[in-house]
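Residue numbers (the numbering used here), protein chains in the order written: chain Y, 88 to 199; chain Z, 1490 to 1596. For each residue, glycine too, the CB sits at the ideal point set by N, CA and C. These numbers come from a predicted model, not from an experiment. To start, the structure itself, in structure tokens.
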Amino acid sequence: DTGVSQDPRHKITKRGQNVTFRCDPISEHNRLYWYRQTLGQGPEFLTYFQNEAQLEKSRLLSDRFSAERPKGSFSTLEIQRTEQGDSAMYLCASSLARTETYFGPGTRLTVL
Amino acid sequence: KNEVEQSPQNLTAQEGEFITINCSYSVGISALHWLQQHPGGGIVSLFMLSSGKKKHGRLIATINIQEKHSSLHITASHPRDSAVYICAVNGNEKLTFGTGTRLTIIP
């Protein structure tokens, strides 16, 4: 499978714990995006990378959130001190500039 | 007001009916995407449009840049078309999404 992959697919954690998600984009794609989707809503932009550079961060991305793409390949999204409001589907997507965007299956986070 | 508005929010139709979902946007864009999301599932890209019309099987997408409007049509709808259809626009490098149209096709 050469699509976008995400790991884990589901994560249940207790409030206050840290969680980390991983995204592996399509190998030749230089752009990688993180979006968050809550129930019944469309996805919302969190951040995006061009190669290893993080070019834009949404104001939704509080200080508890950090994303990295260390070698311009896979990316990680970490949430520290999780809150119940962080419960959502976290979607990763990748693309080449101005071409079709491909989405991963998402990581569903539940904070108890 | 959202930058991307979809209508209707929910649509129920009989198998075989012609389906139209509309998307209006208020910002300048380089491209518009139509996406499909099944319950509990990931998002699949159906079309990326910057002008005119595209067709793939029973799906047709059109865009009118001047009117900032796009439509997604499904001909001869089938229960397996039941899903949430999301319109998203490429503004400044990232996608801005509508809230989706939940389509249910009854056999």
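{"Item": "Rounded to whole angstroms, what's the CA-CA distance from residue 1611 of chain Z to residue 177 of chain Y? Just pull it up for me.", "Value": "Chain Z is shown from 1490 up to 1596; residue 1611 of chain Z falls before or after that span and cannot be answered."}
{"Item": "Locate the beta strand (DSSP E) running through residue 183 of chain Y, then write down its first and last residues.", "Value": "Looking at the DSSP string, residue 183 of chain Y is not in any beta strand (DSSP E), and its letter there is neither H nor E."}
{"Item": "Would you report the Cα separation of residue 113 of chain Y and residue 1500 of chain Z, rounded to the nearest angstrom?", "Value": "34 Å"}
{"Item": "Using a Cβ-Cβ cut-off of 7 Å, state whether residue 161 of chain Y counts as contacting chain Z.", "Value": "no"}
{"Item": "So residue 1515 of chain Z packs on residue 1557 of chain Z, CB below 8 Å; how close in whole Å?", "Value": "7 Å"}
{"Item": "So, are the CB atoms of residue 1510 of chain Z and residue 1502 of chain Z less than 7 Å apart?", "Value": "no"}
{"Item": "Roughly how many whole angstroms lie between the Cα atoms of residue 44 of chain Y and residue 159 of chain Y?", "Value": "In the structure as shown, chain Y begins at 88 and stops at 199. Residue 44 of chain Y is therefore absent and cannot be evaluated."}
{"Item": "Taking just the CA atoms, how far does residue 135 of chain Y sit from residue 91 of chain Y?", "Value": "15 Å"}
{"Item": "Taking any Cβ of chain Z, which residues in the segment 182–196 of chain Y have a Cβ under 8 Å from it, in chain order?", "Value": "185, 186, 187, 188, 189, 190, 191, 192 and 193"}
{"Item": "Whose CA, out of Z/1587, Z/1554, Z/1569 and Z/1527, lies closest to the CA of residue 1547 of chain Z?", "Value": "Z/1569"}
{"Item": "Against chain Z, does residue 90 of chain Y count as a neighbour if the rule is that its beta carbon must be under 7 Å from one of theirs?", "Value": "no"}
{"Item": "Per DSSP, what are the beta-bridge partners of residue 131 of chain Y in this structure?", "Value": "Y/123"}
{"Item": "Based on DSSP bridge pairs, tell me the residues matched to residue 1567 of chain Z.", "Value": "Note: residue 1567 of chain Z sits in no beta bridge, so no partner."}
{"Item": "Short of 7 Å Cβ to Cβ, which residues in the segment 108–134 of chain Y face chain Z?", "Value": "120, 128, 129, 130 and 132"}
{"Item": "Would you say residue 1507 of chain Z lies against chain Y (beta-carbon separation less than 7 Å)?", "Value": "no"}
{"Item": "If you pair each beta-carbon of the segment 137–149 of chain Y with each one of the segment 157–172 of chain Y, do three or more pairs fall below 8 Å?", "Value": "yes"}
{"Item": "Could you name the residues of the segment 1497–1529 of chain Z whose beta carbon sits closer than 8 Å to any beta carbon of chain Y, in the order they occur along the chain?", "Value": "1519, 1520, 1522 and 1524"}
{"Item": "What residue does the beta strand (DSSP E) around residue 156 of chain Y start on, and which one ends it?", "Value": "That residue, residue 156 of chain Y, is in no beta strand (DSSP E); it is neither H nor E in DSSP."}
{"Item": "Considering only the alpha carbon of each residue, which of Z/1589, Z/1521, Z/1595 and Z/1596 lies closest to residue 127 of chain Y?", "Value": "Z/1589"}
{"Item": "Can you find a C-beta in chain Y that's less than 7 Å from the C-beta of residue 1534 of chain Z?", "Value": "yes"}
{"Item": "If the criterion is Cβ atoms closer than 7 Å, does the pair residue 123 of chain Y and residue 133 of chain Y meet it?", "Value": "yes"}
{"Item": "Specify, as a first and last residue, the run of the beta strand (DSSP E) that residue 1507 of chain Z falls within.", "Value": "Per DSSP, residue 1507 of chain Z belongs to no beta strand (DSSP E) and is neither H nor E."}
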